[in-house]
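The sequence shown begins at 1 in the UniProt record's numbering and counts up by one.
Working notes, structure below.
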Amino acid sequence: MSGHGDPVPMIARKSAALKGVAEVPGDKSISHRALILGALSVGKTEITGLLEGQDVLDTAKAMRAFGATVTQHGPGAWTVEGVGVGGFAEPEQVIDCGNSGTGVRLIMGCMATSPITATFTGDASLRKRPMGRVTDPIALFGAHSYGRRGGRLPMTIVGAPDPVPVTYTVPMPSAQVKSAVLLAGLNAPGQTVVIEKEATRDHTERMLRGFGAEISVEETPEGRVITLQGQPELTGQTVAVPRDPSSAAFPVCAALIVPGSEIFVPGVSQNPTRNGLFTTLVEMGADIAFENPREEGGEPVADLCVRYSALKGIEVPPERAASMIDEYPVLSVVAACATGTTVMRGVKELRVKESDRIDAMARGLEACGVSIEEDQDTLIVHGLGAGNVPGGATCATHIDHRIAMSFLVLGLAAQQPISVDDGSPIATSFPVFEDLMRGLGAQIERA
């Protein structure tokens, strides 16, 4: 069973201006999907720019367990020889998805309509996360699930021997749930329809279309209606993974709050279902130039030129939450360094991420001298202005990579150093975080 290794305490100290080029890794969401759809295709898929964080490596290992041939040829360069839709073999071992909620939920979906059985587990954090949001809809296809009380891992999924297509309205804004249902629908006859009341990241729809699936998206008064024709023959593709906007968020936000900073972040995804943070930062007064807009691998990208800025608190529209759900922790750090109050509503999904991110950020910010308010669906940060966050605390990360990186970013602009109790989870999504940030001049080190 997956566990968690020895903690790696880290500390960040007030830094001089950050300067240079921040080449962040490939997008994690797209990397997961490229491996999975490559495995479900006929022929070879060639991937460049794949994120080689532990979450994605665990998905690669899972695809091998289901019968695909997955090979690394160099940094970020991978090939997948797929088995085709419906071609998954039954794995001989338990599928360990480590820390990745995206990995486990998407893989559950794509095997749920094949007549095979697989058992899934993960680390201590993942074993606490709710899986019912995926096992409920895949049951409609005919799959069965057997897990711990509360729908938690370890869990065994028995795939449907005779799957049926479904129409499913996603009860919460979740790209993971939407994607799991669409992937399950690939091996069901007829049309599978997913309705989402709020648009979420659309990488699965874009990539399914690119691999040859027949899929349509219609905006209706009831929401976004996605219709997938089942049992296509997907064909291997060449996938260029753009750089991850969720990873770019950390050097971008650090540059905005460390006086005198100016950094360049090339090739960052500007998918409109993912760029809510950048929209919010600009509204707060951030000096971000979006240069050389273009398309790579079917995704819009741009180069970002980011300069230190005097920021002001704002109210973030709750309807923007789905496009920036992973970025609220680092946004709360920026809010602490802004003048005035930043209000973040509609963020209850943060409570069921790798940790309860509202609670984790609230407790850590309080320990650093920042006043906050919270309820189940809201986080409010009363900013102290640039250079006025006291810091001096050790913050608990709760085995959550984004909590760890967020407080390390805050330490670069706080009056006193900020420590985190465990930086090891950072490797799941941003394995070069330390080196990249230090290369810009950030005072971050292992304690």
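Virtual Cβ for every residue (Gly too), placed ideally from N, Cα, C.
Enclosing beta strand (DSSP E) for residue i [first to last residue]
i	result
K19	19 to 21
K44	44 to 48
H398	Neither: H398 is in no beta strand (DSSP E) and is coded neither H nor E.
V8	Premise fails: V8 is in no beta strand (DSSP E) and is neither H nor E.
E196	191 to 196
G439	No beta strand (DSSP E) contains G439, which is instead part of the alpha helix (DSSP H) from 433 to 439.
I325	Per DSSP, I325 belongs to no beta strand (DSSP E) and is neither H nor E.
V420	418 to 420
G147	144 to 148
As assigned by DSSP and simplified to three states, the class of residue i
i	result
A427	helix
residue 478	Outside the shown range of the chain, which is 1 to 447, sits residue 478, and nothing can be said about it.
I138	helix
P317	coil
E214	coil
P245	helix
V126	This sequence places Leu at residue 126; Val is not what is there. It is helical.
D359	helix
I116	coil
V446	Position check: residue 446 holds Arg in this sequence, whereas Val was assumed. Correct three-state label for R446: strand.
M1	Note that M1 scores 37 on pLDDT, short of 50, meaning its location in the model is unreliable and no value can be drawn from it.
Q376	coil
T167	strand
M155	strand
V389	coil
E296	strand
V225	strand
G26	strand
E205	helix
S332	helix
Beta bridge counterpart(s) of residue i as assigned by DSSP
i	result
V303	The question names Val, yet the displayed sequence has Asp at residue 303. Note: D303 sits in a beta bridge opposite E291.
T341	H382
residue 461	Since the first residue shown for the chain is 1 and the last is 447, residue 461 is missing from the structure and cannot be characterised.
V370	Per DSSP, none; premise fails for V370.
R13	Q443
E219	R224
T200	Per DSSP, none; premise fails for T200.
Spatial distance of residue i from residue j (CA atoms)
i	j	result
P25	L440	15 Å
I138	G109	7 Å
G3	F250	At G3 the pLDDT is 47, less than 50, meaning the model places this residue with poor confidence; the figure from the coordinates comes in the next sentence. Distance between the alpha carbons of G3 and F250: 27 Å.
M1	P91	Residue placement at M1 is poorly supported in this model, since its pLDDT is 37, which falls under 50; the coordinates still yield a value, given next. Whole-angstrom Cα-Cα distance: 16 Å.
A404	G236	37 Å
R148	M155	7 Å
I316	K14	At residue 316 the sequence reads Val, which differs from the Ile that was named. If I take the Cα positions, the gap works out to 28 Å.
Q93	V104	15 Å
S247	G383	23 Å
M437	A22	8 Å
L50	V70	12 Å
D303	I288	10 Å
V134	A34	20 Å
A175	I47	22 Å
G20	E262	7 Å
V217	A367	46 Å
T227	I95	30 Å
S29	R402	15 Å
V306	V181	38 Å
P7	H398	11 Å
A12	N388	16 Å
I380	V83	48 Å
P300	E319	22 Å
G212	K44	14 Å
K197	G391	40 Å
Span of the alpha helix (DSSP H) around residue i
i	result
F278	276 to 283
S179	175 to 185
Any non-hydrogen atom of the ligand GDP closer than 7 Å to residue i Cβ
i	result
P431	For the ligand GDP, the structure offers nothing, since it holds no ligand at all.
Next item on the list: Output the residue ranges of the alpha helix (DSSP H) runs that lie fully inside the region 35 to 105 and measure 4 residues or longer, sorted by chain position.
Entry: 54 to 65
Next item on the list: For the region 228 to 272, list the beta strand (DSSP E) runs that are entirely contained and at least 3 residues long, ordered along the chain.
Entry: 238 to 240, 262 to 269
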